[in-house]
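Inspection log for the structure reproduced underneath, given as structure tokens.
Chains as they are written, first to last, in the numbering used here: chain A, 297 to 429; chain B, 297 to 429.
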């Protein structure tokens with residue numbers, strides 16, 4: 297950054313910080329991601345076939361254009377504690393840039409196909425949507 | 297990769313895949329991260345002070361050496377649906393390289409201090425530990 301640029305940047309930052317001018321998102325400000333945590337309990341938790349089908353269905357969600365990152369998981373063999381719920385079958389974690397991205401995902405044909413193909417496999421699902429502080 | 301290297305690699309892969317020899321983690325295999333999802337319900341959900349104290353305490357967890365990534369969040373304003381639980385106060389998501397990293401975190405003095413300082417703030421906590429498939 298040239299000295300002049302730097303001076304302009306600092307000056308603009310100060311004004312933005314003080315809320316005196318409106319500006320575009322600053323590069324120095326970390327993005328607040330929207331996290332979509334989903335936990336599935338299979339109707340037939342001992343069926344390897346049902347598990348494989350659900351995992352395979354979840355993989356298709358990567359194709360939705362607003363999905364920034366995805367983690368598909370199984371309960372980890374951490375210490376058993378009263379606060380740890382390891383009764384679920386599969387976890388799914390998706391990252392979006394914003395609420396609009398999450399909404400686009402909900403309505404995307406790939407997501408709707410996943411529900412149509414796999415919705416009969418689970419008996420319970422809990423969703424926690426969070427946004428970075 | 298040279299032809300000879302490639303042949304050796306493929307041969308080793310085949311043996312590893314067949315479980316016939318033990319080998320180090322292969323560079324081509326994506327790492328299976330351990331995710332530690334925690335949801336907190338504050339005793340006083342309307343207290344901004346308690347919320348700030350919990351958020352501040354959670355920030356200290358970044359200092360634990362086995363924590364690879366952290367997301368501290370609040371319920372996001374996504375669509376209200378019966379499967380979405382937005383009743384929690386704060387979410388915390390930590391990434392570890394492996395189960396050993398998660399165990400180290402549990403026993404780390406920074407984590408223990410967080411529990412000592414903030415444990416009285418919440419009335420309920422649910423933990424889901426998952427490992428990438």
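Where is the CB? At the ideal position from N, CA and C, for every residue including glycine.
Where residue i and residue j are concerned, what is the direct C-alpha to C-alpha distance, given to the nearest angstrom?
i	j	result
residue 345/B	residue 328/B	37 Å
residue 364/A	residue 355/A	14 Å
residue 417/A	residue 405/B	42 Å
residue 340/A	residue 419/A	9 Å
residue 321/B	residue 343/B	Only weak support is given to the placement of residue 321/B: the predicted model assigns it a pLDDT of 48, under 50, and the value that follows is read from those uncertain coordinates. Each residue's Cα considered, the two are about 47 Å apart.
residue 366/B	residue 390/B	5 Å
residue 394/A	residue 400/B	33 Å
residue 338/B	residue 347/B	8 Å
residue 353/A	residue 353/B	38 Å
Among the options, whose alpha-carbon lies nearest the alpha-carbon of residue i?
i	options	result
residue 413/B	333/B, 330/B, 350/B	350/B
residue 402/B	380/B, 381/B, 358/B	358/B
residue 377/A	384/B, 379/B, 340/B, 421/B	421/B
residue 330/A	343/B, 352/B, 388/B, 338/B	388/B
residue 415/A	370/B, 366/B, 379/B	379/B
Report back the beta-carbon spacing between residue i and residue j to the nearest angstrom; my notes put them in contact at under 8 Å.
i	j	result
residue 427/B	residue 372/A	4 Å
residue 425/B	residue 374/A	4 Å
residue 332/B	residue 423/B	7 Å
residue 368/B	residue 407/B	Between residue 407/B and residue 368/B the Cβ distance is about 14 Å, and since that is not below 8 Å, they are no contact.
residue 392/B	residue 362/B	6 Å
residue 385/A	residue 336/A	5 Å
Could you work out which residues of chain B lie near residue i, taking near to mean beta carbons separated by less than 8 Å?
i	result
residue 359/A	Here the premise fails: no neighbours, minimum Cβ distance about 17 Å.
residue 335/A	424
residue 382/A	424, 425
With DSSP as the reference, identify every bridge partner of residue i, one or two as the case may be.
i	result
residue 405/B	Residue 405/B pairs with nothing; no bridge assigned.
residue 365/B	391/B
residue 425/A	332/A
residue 338/B	418/B
residue 371/A	426/B
Name the chain A residues whose beta carbon is nearer than 7 Å to that of residue i?
i	result
residue 370/B	426, 427, 429
residue 331/B	367, 369, 389
List the residues of chain B that residue i touches, going by C-beta distances under 7 Å, in chain order.
i	result
residue 421/A	379
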